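In terms of numbering that gives the first Met the number 0, the sequence shown is residues 0 to 467. This report concerns only the one structure given below.
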Amino acid sequence: MIIMHGLLPLPPARVRLNRSVSEAFRGVTLVHLPVKKDILPITAEVNGRGHLVVGGCDTVELADKFGTPLFVYDEATLRAQCQDYADTFTAPGVDTEVIYAAKAFICKAMCEITMEEGLSLDVSSGGELFVARSAGVAPEKIYLHGNNKTPAELEFAIREGVGRLVVDSFNELDLVAKLAAERKACPRILLRITPGIKPSTHSYIQTGQIDSKFGFGLADGTAMEAIERVLATKEVELMGLHAHIGSQIFKLHSYAKAIELIVDFIAEIRDKTGFVCGELNSGGGLGISYEAADEPSTIAEYAEVIIGNVRKATAAHDLPMPKVMIEPGRSIVGNAGITLYRVGTIKKIPRVRTYISVDGGMSDNIRPMLYDAVYEAFIANKADRKKEVTATIAGKHCESGDIIVKDAKLAAVEVGDTLCTPATGAYGYVMASNYNKQPRPAVVMVADGKARIIIRRETYEDLTRLEV
Ligand SMILES: *Cc1c(COP(=O)(O)O)cnc(C)c1O
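This is the structure:
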């Protein structure tokens, strides 16, 4: 056999770092990874020992060193997602802004990354605002959301001078006007509109439908009434509209429809009041891959649908192109994070089911119980092994519903194995609780073979620190 060195096929084109995970790896299953690649951080690989490696760090060593349960975030993935949004959510002659929806995962280290990548920040409470300001996020780059911001939260936001208050109700409008008058401030606001759109996602994370606690309804005329009230309120400056229709959305046509309705409304406002809306914030919600069957749209496709439809709809009404904003949360952090657990017990019920219990559960990942969320799982120290058993992964809490993954396909499991659930970067740690007085896990950030703790593990002492 003759080997012709010079004629080997070219290696596949290198993946540009600033493409999104979903764009680069959509639909590709690489045999050497235990799950579909786009579910994992972009730096995920399996080393010679059969261990999952993220950010150049052996995850089994991370679990040994930092303990379990452990959240691990890959800095390269976080930055790549931010950059993908920044690169693709632009168009010639269009003013755009990408605002990270911090509730998906917020801590000072995360705020620093989004700041460095040039993103603004959306916060949904005084607590999130406090963390953002503690991290040094400029107030004018912060958007405050919430359907029931307290007087104290609004006062805090006005005092700090946040960029936009997203006003959600008539009561809030009155309160903001009163607080602004007291402080002689004139906050800039967006009005949150409920366009009456039901995207196909879990009902708990649909927010744009008529029957919603959020925003001013478009269909029943409340939104127009709100506009008229705001325009007559000299204590605030109306900058534009906001609509967030839901989360974990795969089908982009819901956005197109929502934008069409909102721009129709912008035209109606102009015709009725003469006010030309300068800003349109279409919220967040782009879905991500949690399991093999998931095929989310790419960031580029999403950006194109938002900007393209705003352009189309405004042109149809002879309106100027407004500034366009989006607020992605999950799609920036979701696939950047994984959770590592230790397998503690294995219970085989003949002809029924095998339970594998790990040292965390609903206290670090409530989503399976809250939204029927589905996750993949694999043994991080056997990431190269064939999946040969079917088992249900249970948490350690005193609830039968404390199930992280039902009927997971796993390599032969033993007590002491390190179990990994990927795609836990969004709405995981931020929803963590101390149920059963479980100390909340540590969070480490990995990059270039180095791991640093960004949130330390709670101690038993932490569990009584608030008691008087
Ligand atoms: C939760 C939320 C987002 C982010 O949603 P994702 O699905 O995480 O992208 C954006 N805007 C508002 C107002 C939200 O409540």
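The beta-carbon is built from N, C-alpha and C at its ideal position, and this holds for glycine as well. The structure displayed is predicted, hence computed values, not measured ones.
#### Entry: Buried/exposed call for Ala43, threshold 16 Cβ in 10 Å
Answer is buried; the Cβ neighbour count reaches 16.
### Query
When every heavy atom of ligand 1 is checked, does at least one fall within less than 7 Å of the C-beta of Ser246?
For ligand 1, at least one heavy atom lies less than 7 Å from the Cβ of Ser246.
### Task
Please name the residue or residues paired with Phe70 in a DSSP beta bridge.
For Phe70, which the question treats as bridged, DSSP gives the partners Thr338 and Val442.
### Task
Return helix, strand or coil for Gly47, following the three-state DSSP convention.
Gly47 falls in the coil class under three-state DSSP.
### Message
Nearer than 7 Å: is that true of the beta carbon of Val152 relative to any heavy atom of ligand 1?
### Response
Looking at the sequence itself, residue 152 is Glu, so the reference to Val does not match. Because no heavy atom of ligand 1 lies under 7 Å away, the Cβ of Glu152 does not count as near it: no.
### Message
Taking 8 Å as the limit between beta carbons, can you name the residues of its chain near Ala151, skipping five residues before and five after?
### Response
The beta carbon of Ala151 sits closer than 8 Å to those of Gly125, all from its chain and outside the five residues before and after it, given in chain order.
### Query
Which class does Glu22 belong to by DSSP, given the choice of helix, strand or coil?
Only weak support is given to the placement of Glu22: the predicted model assigns it a pLDDT of 45, under 50, and the value that follows is read from those uncertain coordinates. The answer is helix: DSSP assigns Glu22 an H, G or I state.
### Query
Buried or exposed: which applies to Ala315, given that a residue is buried once 16 or more other Cβ atoms fall within 10 Å of its Cβ?
The residue is exposed, with fewer than 16 neighbouring Cβ atoms inside 10 Å.
### Task
For the alpha helix (DSSP H) holding Arg191, just list the boundary residues, first then last.
Taken as a continuous stretch (DSSP letters only), Arg191 belongs to no alpha helix (DSSP H), being part of the beta strand (DSSP E) at Arg187 to Thr193.
### Query
Run through DSSP, which three-state label would Phe377 get?
Collapsing the DSSP output to three states places Phe377 in a strand.
### Task
Just mark Leu29 as buried or exposed, buried being the case when its beta carbon has 16 or more other beta carbons within 10 Å.
Confidence at Leu29 is low in this model, with a pLDDT of 43, below 50, so its placement is unreliable and the value that follows should be read with caution. Classification of Leu29: exposed, given that the 10 Å Cβ count is below 16.
#### Entry: Residues near Gly245 by beta carbon distance below 7 Å, same chain, minus five either side
For Gly245, same chain residues with a beta-carbon under 7 Å away, outside a window of 5 residues either side, are Pro198, Thr200, Ile204, Gln205, Thr206, Gly207 and Gly284 in chain order.
### Query
Where does Pro367 fall in DSSP's three states?
Pro367 falls in the helix class under three-state DSSP.
### Message
Let me check you understand the geometry: is the CB of Asp121 closer than 7 Å to at least one non-hydrogen atom of ligand 1?
### Response
In this structure, Asp121 has its beta carbon less than 7 Å from a heavy atom of ligand 1.
### Task
Thinking Gly343 and Val357 are a contact (beta carbons under 8 Å), I'd like their distance in whole angstroms, please.
7 Å between Cβ atoms; contact.
### Message
Taking 7 Å as the limit between beta carbons, can you name the residues of its chain near Glu300, skipping five residues before and five after?
### Response
The residues are Leu251.
### Task
Whole angstroms is fine: what's the gap from Asp53's alpha carbon to Arg464's?
Looking at the sequence shown, residue 53 is not Asp but Val. Approximately 34 Å between the Cα atoms of the pair.
### Query
Counting Cβ pairs, one atom from each stretch, are 3 or more of them under 8 Å apart for the stretch 224 to 244 and the stretch 255 to 263?
Pairwise C-beta distances place the stretch 224 to 244 in contact with the stretch 255 to 263, as three or more of them are shorter than 8 Å.
### Task
Go through the stretch 268 to 333 residue by residue and report every complete run of the beta strand (DSSP E) that reaches 3 residues or more, in order.
Taking only runs of at least 3 residues, the beta strand (DSSP E) segments lying wholly in the stretch 268 to 333 are 278 to 280 and 322 to 325.
### Message
Does the contact criterion of 3 or more C-beta pairs under 8 Å hold for the stretch 343 to 353 versus the stretch 412 to 424?
### Response
Three or more pairs of CB atoms, one per stretch, sit closer than 8 Å, so the stretch 343 to 353 contacts the stretch 412 to 424.
### Query
With respect to the alpha helix (DSSP H) encompassing Thr472, which residues constitute its N-terminal and C-terminal limits?
As displayed, the chain neither begins before 0 nor continues past 467, which places residue 472 out of reach and without an answer.
### Complete beta strand (DSSP E) runs within the stretch 186 to 260 (minimum length 3 residues, chain order)
As far as the stretch 186 to 260 is concerned, its whole beta strand (DSSP E) runs of at least 3 residues are 187 to 193 and 236 to 241.
### Query
Alpha carbon to alpha carbon, how far is Gln80 from Tyr99?
Roughly 11 Å between the two C-alpha positions.
### Query
Is there contact between the stretch 320 to 337 and the stretch 389 to 405, where contact requires at least three CB pairs shorter than 8 Å?
They do not touch, by the three-pair rule.
### Message
Starting from Tyr459, trace the alpha helix (DSSP H) in both directions and tell me its first and last residue.
### Response
Note, Tyr459: alpha helix (DSSP H), Tyr459 to Thr463.
### Task
Measure the Cβ-Cβ separation of Ile378 and Leu418 and say whether it is below 8 Å.
Closer than 8 Å, so yes.
### Query
Under a three-way DSSP split, which group does Cys106 fall into?
Reduced to three states, the DSSP call for Cys106 is coil.
### Task
Along the alpha helix (DSSP H) that carries Asp63, what are the first and last residues, could you check?
Counting along the chain, the alpha helix (DSSP H) containing Asp63 begins and ends at Thr58 to Phe65.
#### Entry: Rounded straight-line distance, which links the Cα of Val166 to that of Asp210
So the alpha carbons of these two residues sit roughly 18 Å apart.
### Task
For Glu278, verify whether its CB is less than 7 Å away from any heavy atom of ligand 1.
Because no heavy atom of ligand 1 lies under 7 Å away, the Cβ of Glu278 does not count as near it: no.
### Task
With DSSP as the reference, label Ile38 as helix, strand or coil.
In this structure, Ile38 counts as helix in the three-state DSSP scheme.
#### Entry: Lys183 classed as buried or exposed, judged by whether at least 16 other C-beta atoms fall within 10 angstroms
Exposed, since its Cβ has fewer than 16 Cβ neighbours within 10 Å.
### Query
Going by the CB atoms, is the gap between Val443 and Leu69 shorter than 8 Å?
For Leu69 and Val443, yes; Cβs fall inside 8 Å.
### Query
Cβ atoms of Val130 and Ile105: under 8 Å apart, would you say?
Result yes, Cβ atoms of Ile105 and Val130 sit closer than 8 Å.
### Query
Is DSSP giving Lys386 helix, strand or coil here?
Lys386 falls in the coil class under three-state DSSP.
### Message
Nearer than 7 Å: is that true of the beta carbon of Leu118 relative to any heavy atom of ligand 1?
### Response
No; taking the cut-off as 7 Å, the Cβ of Leu118 has no heavy atom of ligand 1 nearer than that.
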